[in-house]
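Under the UniProt record's numbering, the letters of the sequence shown match residues 1 to 363, in that order. First comes the structure, then the notes that go with it.
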Amino acid sequence: MKDSGARMSDWTPKLNPTVDLRRLPLNAEEGFVLSRLDGHTREKDLPALTGFPPDKLRDILARLVSQGALLPGTEVASPVNTVRPPEAPAPFTDHPAPSLDASDTEPLPEAESSDGADDDDAGATDDVPETVQGDYRKLFETRLHALPEDQRVALAHGAEDPELSALCFDPVPAVIKAVLENSRVGLAHARLIARHHRNPVGLEALVARAAFAADTGVRRFLVRNPQLPAALFRRLWAMRRLMEHHKLTVDRDVPEQTRRTARELLRQRFSTGPSEEKVELILNTEGRALGALVGMPVDGKTTSLLCGRTYRSPMLVQNIARWSAAPPALIAHLLKQELVRRQPQLRMMLARHPNAPADAKRA
Numbered sequence: 001m002k003d004s005g006a007r008m009s010d011w012t013p014k015l016n017p018t019v020d021l022r023r024l025p026l027n028a029e030e031g032f033v034l035s036r037l038d039g040h041t042r043e044k045d046l047p048a049l050t051g052f053p054p055d056k057l058r059d060i061l062a063r064l065v066s067q068g069a070l071l072p073g074t075e076v077a078s079p080v081n082t083v084r085p086p087e088a089p090a091p092f093t094d095h096p097a098p099s100l101d102a103s104d105t106e107p108l109p110e111a112e113s114s115d116g117a118d119d120d121d122a123g124a125t126d127d128v129p130e131t132v133q134g135d136y137r138k139l140f141e142t143r144l145h146a147l148p149e150d151q152r153v154a155l156a157h158g159a160e161d162p163e164l165s166a167l168c169f170d171p172v173p174a175v176i177k178a179v180l181e182n183s184r185v186g187l188a189h190a191r192l193i194a195r196h197h198r199n200p201v202g203l204e205a206l207v208a209r210a211a212f213a214a215d216t217g218v219r220r221f222l223v224r225n226p227q228l229p230a231a232l233f234r235r236l237w238a239m240r241r242l243m244e245h246h247k248l249t250v251d252r253d254v255p256e257q258t259r260r261t262a263r264e265l266l267r268q269r270f271s272t273g274p275s276e277e278k279v280e281l282i283l284n285t286e287g288r289a290l291g292a293l294v295g296m297p298v299d300g301k302t303t304s305l306l307c308g309r310t311y312r313s314p315m316l317v318q319n320i321a322r323w324s325a326a327p328p329a330l331i332a333h334l335l336k337q338e339l340v341r342r343q344p345q346l347r348m349m350l351a352r353h354p355n356a357p358a359d360a361k362r363a
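So, in structure tokens, the structure goes:
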């Protein structure tokens, strides 16, 4: 990886979906860094998430790229000794083998430029084409489903594709556990299970595998699975960034039960999360996220960060003016902005805020 001194790059580390992480000789630090990667956090933002100094973190990322665990980006020189990814097994039809894309999420938009509610997989295609998934499902329903459960379990332990992928459609958790114990199982199979399995016990077995639980595609399909238990969702998303929680609360493809849990987690994380994430959430959504944070105050550091900006978005100012918990210092700061001075309706909204300065209310 190219050394940039104390300054880290805008490279976004992403897992290599064609490499089985379990087969790599990872140490504890490398495994921890992998667990913090979500596919859209840039390298320069990782020190705050991992606690590692930039120089040490850069060395860890370089080792992960050289081992093939991460996809090298345009900002990173490809290592010489990169592990060659294994070839994906060919499906049993004439369809081409599905290619896995680790770019399931887009980078967060610049502050004050978007509502932050873009779908994580916007513009991305499913890992396995619908026609191939239909073939796998047909194979299971016509040839495998009629077998006794114990035979399907035994078959799942040693099956190869296409039977292995077909067994990912089995509704019995014991079969899914056997599939996950198969040495040939990979991310493509994990994503099929996350998308189509409808038993909470089988989903628990899936996320028990750290490499699968950390995959963006697996998480994307899990939150859209109507049988995802609330307790399992909390365990997986409890420490995710505030922007990720917000995106789930407004994603119409996510079941209402999961969206409701995401709203609860958003409020909990907002009360205890880092100030930088709170500012990111407010700015990147132009204050729209504040509608779900009624009565949630912010700490002094968050207030200071918000007061250190110049505001040019009328929508952002309006949403802050409607936020009952907006701190007095922020209201006073907004009243001084050129945007507010030029628009009387914004000045009036801020002056009516309970935390507005007394002289603004009199004026």
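Glycine included, every Cβ here is placed at the ideal spot set by N, Cα and C. Please read these numbers as outputs of a predicted model, since none were measured by experiment.
For residue 14, the secondary structure class from DSSP, reduced to helix, strand or coil, is strand.
Of all alpha-carbon atoms in 27, 348 and 300, the one lying nearest the alpha-carbon of residue 314 is that of 348.
Secondary structure of residue 70 (DSSP, three-state): strand. In terms of CA proximity to residue 132, 161 leads the group 148, 151 and 161. For residue 141, there is no enclosing alpha helix (DSSP H), since its DSSP letter is neither H nor E. When DSSP states are grouped into helix, strand and coil, residue 237 belongs to the helix group. For residue 277, the uninterrupted alpha helix (DSSP H) segment begins and ends at 275-284. Around the CB of residue 239, fewer than 16 other CB atoms lie within 10 Å, so the residue is classed as exposed.
The shortest C-alpha to C-alpha distance from residue 267 to any of 252, 254, 294 and 288 is the one to 294.
Collapsing the DSSP output to three states places residue 311 in coil. Here residue 179 is not near residue 224, since their CB atoms are 8 Å or more apart.
For residue 202, the secondary structure class from DSSP, reduced to helix, strand or coil, is helix.
For residue 65, the secondary structure class from DSSP, reduced to helix, strand or coil, is helix. The Cβ atoms of residue 221 and residue 260 do not sit closer than 8 Å to each other. Residue ranges of uninterrupted alpha helix (DSSP H) with 4 or more members, entirely inside the segment 316-348 and ordered along the chain, are 328-335 and 338-342.
With respect to the C-alpha of residue 198, the residue from 233, 177, 169 and 209 having the closest C-alpha is 169.
Between residue 185 and residue 167, the alpha-carbon positions lie close to 11 Å from each other. Three or more beta-carbon pairs separated by less than 8 Å link the segment 20-35 to the segment 56-63, which places the two stretches in contact. Assignment of residue 297 by DSSP, reduced to helix, strand and coil, places it in the coil class. The three-state reading of DSSP puts residue 135 in helix, counting H, G and I together.
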